[in-house]
Amino acid sequence: MEQFETFIVESPDATGARTTRSLIQDTVSDLSLSRAIVRMKVFVDPVEPVFILAALLRLGSPSIKLKDFAKIDMGTLGKDEVKIELDKEMFTVKLLNKLWAKYGKNNIEQPDKKIIIVKTDPIRDLDMLRELVIEEPQQEVLDRLIDAIALRIIPEGFRVRKHELSNTHVLFVASEDTLKPEWLAKGQEIMDSLRREENA
Amino acid sequence: MLEPMMYIGGAYKHSQLIELVEDLGGYILQKNIMQSEVVLLMLVPINDLTIVEAKSRELLGKLTRAPLTGSEIAAVAPTLAYHHLPHLDCDVAEFLRKQGAKTNMIGLARGVGKRICQLTAFERDLINEHDVAVFILGNYEHCIIEKSKKLYEGIEIPIVVTGAPELRTEDVPNATAYVGSFGRILHHMRHAEELRTLDKLSAVIGKVLDDVRIEIAKDPPSVAPPRIKKEIEEQIPEIVDNLHPLPITLQTGGVRVKLPYEEYHEQIENIKFVEGVSMKEVAHVLPSKMRNFILIKAIPKSETGFVI
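Heads up: the sequence lines are chains A and B, in that order.
If you read the first sequence in our numbering, its first letter stands for residue 1, the second for the next number, and so on.
If you read the second sequence in our numbering, its first letter stands for residue 1001, the second for the next number, and so on.
Right under this line is the structure:
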């Protein structure tokens, strides 16, 4: 597995820290997240009990819209249709699935490999189709990240949780009991220390 | 007293060994033929062990003691979520199965947490139907100890606990034995070190089962569980068409029969032994908590006054 720039698991229970570290590594490689996470710090105290996980993220490319890889125009004059001319075929399957879901299969025609005709009012839908999001690599990574942290890494009994999530960081504080303000403050402190390391 | 043994050898002439064991009054519990190799799980009378050893040497096979043979083990996880499955729990269950035990995996409904964990009455009764319960717990010493204080309430069978820290059994409340170096492992256990840990677990469970057997031998059951199995196989033809894995599962003190209780319990109660007694005189035929199966518990000699 590709190692993060910082990866620290702190706990008063040394064996617990070691096994938690190994289980995080397993989960991250299972869900291929090693490139999305830059730095990670984890603090576990089973006696309190509290589990804090803070990580800085580096998400991949931004979302891909239809106008990024296709020309969208009005179709034949006098007909209610929009003509999409594809430059790349890579996203055709995803695009067709989205169009079918939106307009129904009988309103989509594909006379040629790279041409798709959508039977709809062009004046109303043209701009919307240009901005249609076809793929969201960042969102997919975030979904996997949440799956990893919330459903696999945090001990199952820790059901009281507070989290912060953005495109650059993720912070989870979890416990079996009501969250104490000092734990939340500790979470912020760990997050800040990660940011300082990043900027140093 | 019968000794649980495993024979691994060539398929050629292995029937001679089967016949020998049956002639000596032993029982063949499972026979698996894999291409040209055969694995036999059997119970051999302890006094005649040397004869069987000689025969297995003659056939160039390997005869080893398999203490898990003829037992049903519950592998209990706090839940059936990603946290525990598929790797660790399945590894444990599969490994014990390879050693000759029948394992059932049980995921508790509310088994998580050290303060909030609970065991429902149904789960407790279901676990109590087994010979040994293996509780597969997590990484932290404090959590394992706190949880052990209350999770096993009402469980009467021996409890083996696994977890990451190396604790002494005395430190884990209510546990019969504790095995360390496990913890919450999210990969397939296949490294040499991990396989050694699994070996250690099966050795510990073997020891626990031996103790159970010694305890049972002090007041032996009126009918040996493998004998019950044999009679059911011979007298209830429907069991042959049963598609459940191990339709008759052997336990240390009885058997579980995977037939519906309502339809078959009278038929089983009326099974006749050649000694002239019927099943209901030597064993309790009870409804099992597992589906609508039948659980047969042999009555000890002290109650009936005879052993057949």
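Virtual Cβ for every residue (Gly too), placed ideally from N, Cα, C.
This one's a predicted model, so the numbers in the text were calculated from it and none came from an experiment.
Within chain B, the residues that residue i reaches when beta carbons sit closer than 9 angstroms
{"i": "A:Gly16", "result": "Gly1138, Asn1139, Tyr1140, Glu1141, His1142, Cys1143, Ala1164, Pro1165 and Gly1183"}
{"i": "A:Leu53", "result": "Correct list: empty, because the minimum Cβ distance to chain B is about 15 angstroms."}
{"i": "A:Leu56", "result": "What A:Leu56 touches in chain B: nothing, since even the nearest Cβ is about 23 angstroms away."}
Same chain, Cβ closer than 6 angstroms to residue i, neighbours up to 5 away in sequence not counted
{"i": "A:Glu176", "result": "Pro49, Gly157 and Phe158"}
{"i": "B:Glu1072", "result": "Lys1102, His1130, Asp1131, Thr1249 and Gln1251"}
{"i": "A:Ala174", "result": "Phe51, Ile154, Phe158 and Arg161"}
{"i": "A:Asn167", "result": "Leu59"}
{"i": "A:Met191", "result": "Ala54 and Leu171"}
{"i": "B:Pro1260", "result": "Asn1292"}
{"i": "B:Leu1126", "result": "Lys1289"}
{"i": "B:Gln1030", "result": "Leu1041"}
{"i": "B:Thr1064", "result": "Met1006"}
{"i": "A:Lys88", "result": "Phe69"}
{"i": "B:Val1172", "result": "Ser1148, Val1161 and Tyr1178"}
Neighbouring residues, chain A, relative to residue i (Cβ below 8 angstroms)
{"i": "B:Thr1079", "result": "Glu156"}
Residue range of the beta strand (DSSP E) that includes residue i
{"i": "A:Glu10", "result": "Thr6 to Glu10"}
{"i": "A:Arg21", "result": "Premise fails: A:Arg21 lies in the alpha helix (DSSP H), Ala14 to Asp30, not in any beta strand (DSSP E)."}
{"i": "B:Glu1233", "result": "No beta strand (DSSP E) contains B:Glu1233, which is instead part of the alpha helix (DSSP H) from Pro1225 to Gln1235."}
{"i": "A:Leu56", "result": "Val50 to Leu57"}
{"i": "A:Val42", "result": "Ile37 to Asp45"}
{"i": "B:Glu1072", "result": "Glu1072 to Ala1077"}
{"i": "B:Arg1065", "result": "Lys1062 to Arg1065"}
{"i": "B:Val1044", "result": "Glu1037 to Pro1045"}
{"i": "B:Gln1030", "result": "Tyr1027 to Met1034"}
{"i": "B:Lys1297", "result": "Ile1294 to Ala1298"}
{"i": "B:Gly1010", "result": "Leu1002 to Gly1010"}
Proximal chain B residues relative to residue i, where beta-carbon distance stays under 8 angstroms
{"i": "A:Arg152", "result": "Tyr1082, His1083 and Leu1186"}
{"i": "A:Asp13", "result": "Asn1139, Tyr1140, Glu1141, His1142 and Pro1165"}
{"i": "A:Thr178", "result": "Near A:Thr178 there are no residues of chain B at all, since even the closest Cβ is about 12 angstroms away, more than 8 angstroms."}
{"i": "A:Thr27", "result": "Leu1186"}
{"i": "A:Leu142", "result": "Here the premise fails: no neighbours, minimum Cβ distance about 18 angstroms."}
Listed by chain order, chain B residues near residue i by CB distance under 7 angstroms
{"i": "A:Thr19", "result": "Asn1139, Ala1164, Gly1183 and Arg1184"}
{"i": "A:Val47", "result": "His1142"}
{"i": "A:Leu171", "result": "Those do not exist, as A:Leu171 stays about 21 angstroms from chain B at its closest Cβ, beyond 7 angstroms."}
{"i": "A:Leu31", "result": "None at all; the shortest Cβ gap to chain B is about 11 angstroms."}
Boundaries of the alpha helix (DSSP H) in which residue i is found, first to last residue
{"i": "B:Ile1248", "result": "Where B:Ile1248 is concerned, there is no enclosing alpha helix (DSSP H), although the beta strand (DSSP E) it sits in stretches over Ile1248 to Leu1250."}
{"i": "B:Lys1055", "result": "Leu1049 to Glu1058"}
{"i": "B:Ile1018", "result": "His1014 to Asp1023"}
{"i": "B:Glu1303", "result": "Lys1301 to Thr1304"}
Cβ shell of residue i (< 7 angstroms), same chain only, five flanking positions each side left out
{"i": "B:Asp1048", "result": "Leu1024"}
{"i": "A:Gly187", "result": "Ile52, Ala54, Leu171 and Val173"}
{"i": "A:Ala36", "result": "Leu57, Arg58, Leu59, Val141 and Leu145"}
{"i": "B:Thr1120", "result": "Ala1109"}
{"i": "B:Phe1306", "result": "Ser1222"}
{"i": "B:Val1212", "result": "Asp1131, Pro1158 and Thr1252"}
{"i": "B:Lys1229", "result": "Ile1248, Leu1250 and Val1255"}
Cβ neighbours of residue i in the same chain (closer than 8 angstroms, five flanking residues each side left out)
{"i": "A:Glu81", "result": "Met74, Gly75, Ile117, Val118, Lys119, Thr120 and Pro122"}
{"i": "B:His1084", "result": "Ala1077, Pro1078, Gly1107, Ile1136 and Arg1184"}
{"i": "A:Lys67", "result": "Arg130 and Glu131"}
{"i": "B:Glu1269", "result": "Ser1278, Met1279, Lys1280 and Val1285"}
{"i": "B:Asp1210", "result": "Pro1067"}
{"i": "B:Arg1168", "result": "Tyr1178"}
{"i": "B:Leu1198", "result": "Asp1091, Val1092, Phe1095 and Met1189"}
Near the ligand PLP: residue i beta-carbon under 6 angstroms from a heavy atom
{"i": "B:Gln1235", "result": "With respect to small molecules bound, the structure shown includes none, and the ligand PLP cannot be examined in it."}
Residue i: contacting residues in chain C (beta-carbon distance under 7 angstroms)
{"i": "A:Leu145", "result": "The displayed structure is made up of protein chains A and B, and chain C is not among them."}
> Where in the stretch 75 to 130 of chain A do unbroken runs of the alpha helix (DSSP H), each at least 4 residues long, occur, reported from the N-terminal end onward?
Replying inline: Taking only runs of at least 4 residues, the alpha helix (DSSP H) segments lying wholly in the stretch 75 to 130 of chain A are 92 to 103 and 122 to 130.
> Residues in the stretch 1112 to 1125 of chain B with C-beta within 9 angstroms of chain A's C-beta atoms, listed in sequence order?
Replying inline: Val1112, Gly1113, Lys1114, Arg1115, Ile1116 and Cys1117
> Can you list the beta strand (DSSP E) stretches of 3 or more residues lying completely in the stretch 115 to 200 of chain A, in chain order?
Replying inline: If we require 3 residues or more, the beta strand (DSSP E) runs fully inside the stretch 115 to 200 of chain A come out as 115 to 118, 133 to 135, 160 to 165 and 169 to 175.
> Which ranges does the beta strand (DSSP E) cover as unbroken runs of at least 3 residues, wholly within the stretch 1124 to 1195 of chain B, from first to last along the chain?
Replying inline: 1132 to 1136, 1159 to 1162 and 1177 to 1179
> What residue ranges within the stretch 1247 to 1286 of chain B form continuous beta strand (DSSP E) runs of no fewer than 3 residues, ordered along the chain?
Replying inline: 1248 to 1250 and 1254 to 1257
>> Suppose only complete runs of 4+ residues qualify. What are the alpha helix (DSSP H) ranges in the stretch 1071 to 1119 of chain B, listed by chain order?
In response: 1087 to 1098
> Of the residues that make up the stretch 70 to 104 of chain A, which ones have a beta carbon closer than 7 angstroms to any beta carbon in chain B?
Replying inline: none
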